[in-house]
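To keep things clear, I will list the structure first and then write my remarks on it.
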Amino acid sequence: EKTQFTIDDFFEIM
Amino acid sequence: LEAKFDDSTIFKKIIDSFKDSVTQINFVCSESGIEAQAIDDSRVLLVTVSIPPSCFESYRCDRPTTIGVYLASLAKLLKSANTNSSLTLYVADKPDELLLLFEEPKNQKSMEYKLKLVDITADMLEVDSDMKSDVTVEMSSVEFTKTVRDLTQLSDSFTVSVTKDGIVFSVQGDTAQGKVLLQPREDLADESNNLSISMSKTIDLSFASKYLLDIIKAASISNKIFLKFSDDTPALFEFKMEKGGGVGFYLAPKYDD
């Protein structure tokens with residue numbers, strides 16, 4: 001099974 | 001803001017390319033053009049939009065302005081767009097509405113719409129547009145669209161792997177599996193059919209099929225798509241416009257537990 005990551009796991013909030 | 005597209009369908013294509021992925025967006029207007037960023041409700045897909053002054057017949061923005069809109073409403077107004085009409089966007093100094101003026105001088109016709117602006121509180125994410133990637137692929141957006149449509153029918157997960165032999169898109173469903181291999185090619189007669197790969201290492205990444213189906217809706221923006229992949233960042237699917245700027249989609253991958 002694979003887990004869906006989100007954009008927030010990679011990019012910081014400015 | 002006063003920004004005129006000589007062809008109103010340019011703006012329609014841009015909006016239509018992501019209106020089904022996100023519900024609302026803040027357009028940030030400045031001297032250097034219109035930029036926007038929006039993320040879908042599941043926070044898996046990030047859309048970035050860039051419309052530089054070169055995309056307009058005339059462009060003026062006296063002071064930085066943020067225009068928040070509901071995309072479904074804006075898309076309704078843009079149904080009036082056609083290749084014979086120009087479109088000018090106007091926003092006053094104290095923005096509470098966006099005025100869209102379509103003009104068809106040949107038909108002595110003009111259409112005026114007003115759209116109420118909305119106050120959208122959305123986080124801006126720090127996205128490095130020059131993000132380093134292990135693999136860059138440039139290919140026909142028509143070919144990409146067909147491959148995504150064909151394969152995503154079979155499974156809700158979609159795998160992309162790139163090696164020196166080419167790019168492989170594959171799916172493994174419960175009852176069927178499919179694989180499309182595309183190798184680098186140069187079509188001298190039609191450059192849009194070219195496929196080029198530049199890579200520093202091989203990649204093998206999985207994505208949810210439904211987001212790829214959203215991304216291909218932007219294929220009308222350009223006959224080419226740029227793909228950027230790395231092991232540890234979201235993939236970038238980018239459609240660049242002829243006159244500069246474009247629409248990009250950052251898609252977070254699925255990883256093994």
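So the protein sequences, as listed, match chains A and B.
For the first sequence, our numbering assigns the number 1 to the initial residue and increments by one for each residue that follows.
For the second sequence, our numbering assigns the number 1 to the initial residue and increments by one for each residue that follows.
Backbone N, C-alpha and C define an ideal beta-carbon position, used for all residues, glycine too.
For the alpha helix (DSSP H) that residue 18 of chain B lies in, which residues bound it at each end? Taking the second sequence and counting its residues from 1, one reaches residue 18 of chain B at position 18. Run containing residue 18 of chain B: 8 to 18, per the alpha helix (DSSP H) assignment.
Residues, ordered as in the chain, of the region 213 to 238 of chain B that lie near chain A by beta-carbon distance below 9 Å: 232, 233 and 234
Cross-strand partners of residue 136 of chain B (DSSP beta bridge): The sequence position of residue 136 of chain B within the second sequence is 136, counting from 1. For residue 136 of chain B, which the question treats as bridged, DSSP gives the partners B:198 and B:228.
Who are the Cβ neighbours of residue 78 of chain B in its own chain at under 6 Å, not counting the five residues just before and after it? Translated into positions along the second sequence, residue 78 of chain B becomes position 78. Excluding positions up to five away in sequence, the list reads 12 and 15.
By how many angstroms is the C-alpha of residue 164 of chain B removed from the C-alpha of residue 204 of chain B? To locate residue 204 of chain B, count along the second sequence from 1; it is residue 204. To locate residue 164 of chain B, count along the second sequence from 1; it is residue 164. Using only the alpha carbons, I get a separation of about 13 Å.
Could you pull out every residue in the same chain whose Cβ sits closer than 7 Å to the Cβ of residue 10 of chain A, ignoring the five residues on either side in sequence? Here residue 10 of chain A refers to the residue found at position 10 of the first sequence. Here the set comprises nothing.
I'd like the ranges of any alpha helix (DSSP H) spanning at least 4 consecutive residues and lying wholly in the region 60 to 132 of chain B. 71 to 77
Between the Cα of residue 41 of chain B and those of A:2, A:3 and A:7, spot the shortest distance and give me the residue it belongs to. For this step, residue 41 of chain B is matched to residue 41 along the second sequence. The option with the nearest alpha carbon to residue 41 of chain B is A:7.
Does residue 19 of chain B pass the burial test, meaning 16 or more other C-beta atoms within 10 Å, or should it be called exposed? On the second sequence, residue 19 of chain B is found 19 positions in, with the first residue counted as 1. Burial call: buried.
Does the beta carbon of residue 250 of chain B sit closer than 8 Å to a beta carbon anywhere in chain A? Within the second sequence, the letter at position 250 stands for residue 250 of chain B. Yes, because at least one Cβ of chain A sits closer than 8 Å to the Cβ of residue 250 of chain B.
Just how far apart, CA to CA, sit residue 207 of chain B and residue 31 of chain B? Residue mapping note: residue 207 of chain B aligns to position 207 of the second sequence, counting from 1. Residue mapping note: residue 31 of chain B aligns to position 31 of the second sequence, counting from 1. If I take the Cα positions, the gap works out to 37 Å.
For residue 214 of chain B, count the other beta carbons within 10 Å of its own beta carbon; 16 or more makes it buried, fewer makes it exposed. Which is it? Walking along the second sequence from the start, residue 214 of chain B turns up at place 214. Label assigned to residue 214 of chain B: buried.
Starting from residue 238 of chain B and walking both ways along the beta strand (DSSP E), at which residues does that stretch end? The residue you call residue 238 of chain B lines up with position 238 of the second sequence. Element bounds for residue 238 of chain B: 235 to 240.
Along the alpha helix (DSSP H) that carries residue 216 of chain B, what are the first and last residues, could you check? Start at 1 with the first residue of the second sequence, and residue 216 of chain B comes out as number 216. Looking at the DSSP string, residue 216 of chain B is not in any alpha helix (DSSP H), and its letter there is neither H nor E.
Return no unless some Cβ of chain A is closer than 8 Å to the Cβ of residue 157 of chain B. Indexing the second sequence from 1 puts residue 157 of chain B at position 157. Closer than 8 Å: yes.
7 Å CB neighbourhood of residue 254 of chain B in its chain, flanking five on each side removed: Mapped onto the second sequence, residue 254 of chain B falls at position 254. Correct list, in chain order: 157, 206, 207 and 208.
Could you name the residues of the same chain whose beta carbon sits closer than 6 Å to that of residue 116 of chain B, not counting the 5 residues immediately before and after it, in chain order? Within the second sequence, numbered from 1, the residue matching residue 116 of chain B stands at position 116. Hits under 6 Å: 97.
Would you give the residue range spanned by the alpha helix (DSSP H) that residue 144 of chain B belongs to? Counting from 1 along the second sequence, the entry for residue 144 of chain B is found at position 144. Looking at the DSSP string, the run of the alpha helix (DSSP H) that includes residue 144 of chain B is 141 to 152.
Mind pulling the chain A residues with CB within less than 8 Å of residue 64 of chain B? In the second sequence, counting from the first residue as 1, residue 64 of chain B sits at position 64. Result: empty, since nearest Cβ-Cβ is about 15 Å, beyond 8 Å.
Taking one C-beta from the region 89 to 106 of chain B and one from the region 52 to 68 of chain B each time, how about it: are there three or more such pairs within less than 8 Å? yes
Quick one: which residues of the region 106 to 126 of chain B get their C-beta closer than 9 Å to a C-beta of chain A? List them in chain order. 123, 124, 125 and 126
For residue 77 of chain B, would you say it is in contact with chain A, using Cβ-to-Cβ distances shorter than 8 Å as the test? In the second sequence, residue 77 of chain B corresponds to position 77, counting from 1. So, not an interface residue.
Can you check DSSP and say which residues form a bridge with residue 255 of chain B? On the second sequence, position 255 is the one that residue 255 of chain B refers to. Answer is A:3, bridged to residue 255 of chain B.
Going along the chain, which residues of the region 33 to 63 of chain B sit with their C-beta nearer than 8 Å to a C-beta in chain A? 39, 42, 43, 44, 45 and 46
DSSP state of residue 26 of chain B, grouped into three classes? Position 26 of the second sequence holds residue 26 of chain B. Looking at residue 26 of chain B - three-state DSSP - the assignment turns out to be strand.
Tell me, please, whether the CB atom of residue 132 of chain B is closer than 8 Å to any CB atom in chain A? Within the second sequence, residue 132 of chain B is the residue found at index 132, counting from 1. Chain A, which has no Cβ nearer than 8 Å to the Cβ of residue 132 of chain B, makes this no.
Out of B:235, B:147, B:69 and B:34, point me to the one whose CA is closest to residue 135 of chain B's CA. Within the second sequence, numbered from 1, the residue matching residue 135 of chain B stands at position 135. Measuring from the Cα of residue 135 of chain B, the nearest candidate turns out to be B:235.
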